[in-house]
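Colleague:
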Amino acid sequence: MINKTKTIAAYILSVLVILAAWFFLSKLINAELILPSPLEVFSSMGSLVKTKAFWQAFAHTFLRVIISFAITVVLGTALGIAAGFSKFLRDFFELPLAVIRATPVVAFILIALFWFKSGTVPVFVSVLMTLPIMTTAVANGFSKADEKLMGMAMVFCFSRYQIFKYIQFPSLVPFLLNGMVSSFGLTWKVVAAGEVLSLPKYAAGTMLQKAQVHLETSTVIAVAIILVLVSFAIERLFICAVKRFSTSL
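Numbering (the working numbering), first residue to last: 699 to 947.
(1) Measure the Cβ-Cβ separation of Val888 and Met832 and say whether it is below 9 Å.
(2) Could you check if Ser745 is buried or exposed, using at least 16 other CB atoms within 10 Å of its CB as the buried criterion?
(3) Report the rounded CA-to-CA distance for Ile809 versus Ser896, giving the unit in angstroms.
(4) Have a look at Val659 and Ala780 and give me their C-alpha separation to the nearest angstrom.
(5) Check each candidate in Leu793, Pro820 and Phe791 and name the one with the smallest Cα separation from Ala805.
(6) Which residue comes first and which comes last in the alpha helix (DSSP H) that contains His912?
(7) State buried or exposed for His758, treating a residue as buried only when at least 16 other CB atoms are found within 10 Å of its CB.
(8) Are the CB atoms of Phe760 and Val928 within a distance shorter than 9 Å?
(9) To the nearest angstrom, how far is it from the Cα of Val763 to the Cα of Thr885?
(10) Measuring only the C-alpha atoms, how far is Ala768 from Phe882?
(11) Identify the continuous alpha helix (DSSP H) that holds Val739 and give its terminal residues.
(12) Would you call the stretch 735-745 in contact with the stretch 907-926, where contact means no fewer than 3 C-beta pairs closer than 8 Å?
(13) Would you call the CB atoms of Leu902 and Phe722 closer than 9 Å?
(14) Report the rounded CA-to-CA distance for Glu792 versus Ala708, giving the unit in angstroms.
(15) Suppose only complete runs of 4+ residues qualify. What are the alpha helix (DSSP H) ranges in the stretch 871-932, listed by chain order?
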C-alpha cells in the first residue's frame, strides 16, 4: 500500500513538474504559435470535446485501431504458430519481417496511398508494422517449451496435436500476451501517423493536420494530448486484463 502511494505521488509530481516547465517556457517564448500556455491548450481541449466533429473523428480513429489490432493478433498468431512448427517457414519469414522492421513507417504510408483509400491506409500500415512483433513473439514461445516435457511426450508417443495442446501452447501463451500488449501500444501511434498523411474524412489525425495547416498550435497539442491520454488509459486497462488472465491460467 505504501509503495502504491509513493508511485501515485511520483506520477502526480512528474505531471506538475512538466506543467510548470511548460508554463514557464511558454511565458519565456511568449509566442502562442510556437508554444501556447497550458491554459490555452486546456481551453482548446474543452472546446473540442463539446463538438460532434471531434467525437466523430475520434470514433473512426478508435475503430481503425481496433480493426488493425484484431487483424494483427489473428494473422500474427497464425504466422507465429506456423513458424514455430516449421523451421523452414521461420527462416522464410525472417527476411520479410526484418525488412518491415527496418523500413520507416512513413515510407509504407506514402506507398500505401497509391494502393488504398485514405481510410484504409492507416489500418494497412498499422497491421504491417505490428505484424513482426506479434509473429516473432508467438514463434519465440515455441522455443521456450520445456525440453524434459517434450522428451516425455516423445517417450509416450504423444501426437503432434497433444504436444501442442499440453506443452507448446501453455509455454507460448505469455509470449502471445506480451506480443499483444506491445502491438496494441504501437497500433495507436501508427494509425495516428497514417491518418495525418492519408487524411481520411473522419480521423483524429486529419484534425491534427488541418489544425497545423491553419497554424492552430493549441488545437494540435490539445488533440495530441487527448490521443495520448486515451491511448495510455486503454493500454493500462488492457495490460491489467492481460495480467489478470495470465494469473488465472
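Just so it is clear, CB atoms sit at the ideal spot from N, CA and C, and this is done for glycine as well.
Modeller: The relevant details are as follows:
(1) Val888 is not a Cβ neighbour of Met832, given a cutoff of 9 Å.
(2) exposed
(3) Rounded to the nearest whole angstrom, the CA to CA distance from Ile809 to Ser896 is 11 Å.
(4) The requested residue 659 is not part of the displayed model; the chain covers only 699 to 947.
(5) Pro820
(6) Element bounds for His912: n/a, residue is neither H nor E.
(7) buried
(8) The answer is yes: Cβ separation under 9 Å.
(9) Rounded to the nearest whole angstrom, the C-alpha separation of Val763 and Thr885 is 6 Å.
(10) So the two alpha carbons sit approximately 9 Å from each other.
(11) Pro736 to Leu746
(12) Cβ pair count under 8 Å is three or more, so yes.
(13) Reading off the sequence, residue 902 comes out as Ala, not Leu. Contact: no.
(14) 42 Å
(15) Fully enclosed alpha helix (DSSP H) runs of 4 or longer: 902-911.
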